[in-house]
Amino acid sequence: MTRPLYFIPDWDDLVDPGYDFLTDTARGKGWESERYAHELLERPPYDGILVSKVVEEKSKKRRERLRRLGVHGALRVPREFPVIGDCGAFGYFEEKLPPYTSEEIIDYYTTCGFDFGVSIDHLIPSAEFPDRDLRYEITRENAREFISLHKKLGSPFTPVGAVQGWDPDSYATLASQMITMGYTMLALGGLVRASTETILEITRAVRGVIPPETRLHLFGVARIPMLEALQKLGVYSVDSASALRRAWMGSTDNYHTLKRDYCAIRIPEPGKRGPMKNLTGDDLSLARRLESASLEKIRGYDRGAVSLGELMDVLGEYETFYNPGKKSRLAHYEKTLREMPWKKCSCKICVESGVEVAIFRGNNRNRRRGFHNTFVLYEQFRGMEKSSRAQKG
Numbered sequence: 001m002t003r004p005l006y007f008i009p010d011w012d013d014l015v016d017p018g019y020d021f022l023t024d025t026a027r028g029k030g031w032e033s034e035r036y037a038h039e040l041l042e043r044p045p046y047d048g049i050l051v052s053k054v055v056e057e058k059s060k061k062r063r064e065r066l067r068r069l070g071v072h073g074a075l076r077v078p079r080e081f082p083v084i085g086d087c088g089a090f091g092y093f094e095e096k097l098p099p100y101t102s103e104e105i106i107d108y109y110t111t112c113g114f115d116f117g118v119s120i121d122h123l124i125p126s127a128e129f130p131d132r133d134l135r136y137e138i139t140r141e142n143a144r145e146f147i148s149l150h151k152k153l154g155s156p157f158t159p160v161g162a163v164q165g166w167d168p169d170s171y172a173t174l175a176s177q178m179i180t181m182g183y184t185m186l187a188l189g190g191l192v193r194a195s196t197e198t199i200l201e202i203t204r205a206v207r208g209v210i211p212p213e214t215r216l217h218l219f220g221v222a223r224i225p226m227l228e229a230l231q232k233l234g235v236y237s238v239d240s241a242s243a244l245r246r247a248w249m250g251s252t253d254n255y256h257t258l259k260r261d262y263c264a265i266r267i268p269e270p271g272k273r274g275p276m277k278n279l280t281g282d283d284l285s286l287a288r289r290l291e292s293a294s295l296e297k298i299r300g301y302d303r304g305a306v307s308l309g310e311l312m313d314v315l316g317e318y319e320t321f322y323n324p325g326k327k328s329r330l331a332h333y334e335k336t337l338r339e340m341p342w343k344k345c346s347c348k349i350c351v352e353s354g355v356e357v358a359i360f361r362g363n364n365r366n367r368r369r370g371f372h373n374t375f376v377l378y379e380q381f382r383g384m385e386k387s388s389r390a391q392k393g
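Following this note's numbering, the numbering of the sequence shown begins with 1 at its first residue and continues without gaps.
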């Protein structure tokens, strides 16, 4: 049985490959000199990429680049690397109507060379939502118009019907109608905040009313505990950026391994942002001394030249300075530092960056840690594949 493919949503997450961690200086800036995760790691840590139009539109340069180079050229992936395009319904959730037409979206998918193009949907957050029925109808009629135009124009991408709903029956009803319209691939939306049990119930209901060969994608869902169940349900693909974004959004679980999560060590830059943004005079001088000492000690500890106790002392002093009166993360730091997970990781990010990837500080470290997290997540997807082969053999 084939495992679900893993697609990562593109949010322009790039890093400077030549970033100097010792001086905290970049050697280049912008798309031309920065690199994606699939360019830094030995192999892409995902099977494909999802590009949402609402994200693409936030940057004029990005929009022009996508049109000029095509989506594969803009992402710097081979032409055969799968890329899904969707509208990004989360971006216009508060609007009465979606801001696009089917003609516009089909032109966008075709011009940019997407492999898969998703019809225009409108999120339905709950069964009690006032515009529930209107959004359901909008999603259905857009799907009908989308595939009709796709057939008429002979567009080269695979059309994907976006399915919305509020319970298993509503999802299944719309999915069945889309099969009648002619879709051979469907994508279930609005599941990001749903419980695992609810997601599985909805997926089972949909799978029960569509042909077995119909490909099924789940938006925003890549939860490891339910992957085996999704595999048994014949889910073709899923997408999620959660592992990537936990690197800088998680409180104490921002460095992932196959067995457990660790807390990255916060060594913030004085004067940049947060509580130390407006420091001046003696306070700024003290902050910089503590920052410098923390960086020096953690690198020394990584080399075996500084004891854990010595490092914890300076980290504690710095945390007390920049985070007074708030909950301490020192116990979590100590766990990370005792086990030194970056030394046990085989990904190119950890091998080349070492302890720097475990330091919570700036985009070039935090995004690298996000790339590492994505690598770990993808290893779990690949583990399913290996397990399946072993069972067959």
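All residues carry an ideal CB built from backbone N, CA and C; glycine is no exception. All values reported here derive from a predicted model rather than from experimental measurement.
Quick one: grab the DSSP three-state call for residue i.
i           : result
residue 320 : helix
residue 381 : helix
residue 67  : helix
residue 280 : coil
residue 300 : helix
residue 35  : strand
residue 314 : helix
residue 306 : coil
residue 209 : coil
residue 286 : helix
residue 192 : coil
How far does the beta strand (DSSP E) with residue i in it extend, from its first residue to its last?
i           : result
residue 185 : 185-188
residue 116 : 116-118
residue 91  : Segment: none, residue 91 is in no beta strand (DSSP E) and carries neither H nor E.
residue 412 : Absent from the structure is residue 412, since the part of the chain shown begins at 1 and ends at 393.
So residue i is in the alpha helix (DSSP H); what residue range does that whole segment cover?
i           : result
residue 108 : 102-112
residue 328 : Careful: residue 328 lies outside any alpha helix (DSSP H) and carries neither H nor E.
residue 170 : 168-181
residue 249 : 242-249
residue 232 : 227-232
Have a look at the DSSP bridge pairing and note the partners of residue i.
i           : result
residue 49  : 8 and 83
residue 360 : 266
residue 395 : Past the edges of the chain, shown from 1 to 393, lies residue 395, and the structure says nothing about it.
residue 256 : 261
residue 351 : Bridge partners of residue 351: none, in fact.
residue 132 : Answer is none; residue 132 lacks a bridge partner.
residue 20  : 25
residue 15  : 35
Taking Cβ positions, are residue i and residue j nearer each other than 8 Å?
i           : j           : result
residue 71  : residue 83  : yes
residue 51  : residue 10  : yes
residue 156 : residue 146 : no
residue 359 : residue 365 : yes
residue 198 : residue 235 : no
residue 48  : residue 85  : no
residue 186 : residue 161 : yes
residue 45  : residue 374 : yes
residue 188 : residue 163 : yes
residue 123 : residue 74  : no
residue 206 : residue 229 : no
residue 16  : residue 39  : no
residue 279 : residue 268 : no
Do you know offhand how far residue i's Cα is from residue j's?
i           : j           : result
residue 383 : residue 275 : 42 Å
residue 377 : residue 369 : 12 Å
residue 142 : residue 121 : 7 Å
residue 265 : residue 361 : 8 Å
residue 273 : residue 309 : 29 Å
residue 338 : residue 331 : 11 Å
residue 306 : residue 298 : 8 Å
residue 479 : residue 149 : Summary: the structure shown does not reach residue 479, with the chain confined to residues 1 through 393, and so no result is reported for it.
residue 317 : residue 340 : 21 Å
Check the Cβ-Cβ distances between residue i and every residue of chain B, and say whether any is below 8 Å.
i           : result
residue 288 : Looking for chain B here will not work: only one protein chain is present.
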